[in-house]
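Take a look at the structure set out below.
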Amino acid sequence: MAEFASLRGYQQFEHSVKEKARFVPEESAKDFLSTVLDTVAQRSRPLPTGTILYRAQRGFVRTTEILSIPVHSDESDHVVEEDVEVAANAPLRSRE
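Just so we're aligned, residue 962 is where the sequence shown starts under our numbering, counting upward by one.
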């Protein structure tokens, strides 16, 4: 069975593609990806139907804002206010 070259394999792969050879992968990056493909079956499992998946994102909050919508008609012009769900970037705390 294939094994990763080191416990820091992902960090080395990440550094390689971010800092060194993004479009032409180094041999170590190719080896890492090959090992991922060779070992993925032992880490995969089916998800039950209806499972809700979430994507984590640092600094993301869901909030509502009041949106003012101008309405123009022959009888009158007025503004309709409606609560709208929006995504907002929250300030990130320092990792000190």
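Glycine included, every Cβ here is placed at the ideal spot set by N, Cα and C. For clarity, every value in this text was computed on a predicted model and none was experimentally measured.
What residue from T996, G1011, T1010 has the CA that sits closest to R1004's CA? T996
Taking the alpha helix (DSSP H) that V1001 falls in, what are its first and last residues? 988–1004
Since V1040 contacts V1047 with CB under 8 Å, what's their CB separation in whole angstroms? The pair is not a contact, with the Cβ atoms about 19 Å apart (cut-off 8 Å).
At what residues does the alpha helix (DSSP H) containing Y1015 begin and finish? Taken as a continuous stretch (DSSP letters only), Y1015 belongs to no alpha helix (DSSP H), as it is neither H nor E.
Who are L1028's beta bridge partners in DSSP? E1043
Just the C-alpha distance for T1012 and S1037, rounded to the nearest angstrom, thanks. 48 Å
By DSSP, does V978 sit in helix, in strand, or in coil? helix
A966 to V1022, Cα distance in whole Å? 38 Å
Own chain, CB closer than 6 Å to S977, minus 5 neighbours either side, in chain order: E987, A990
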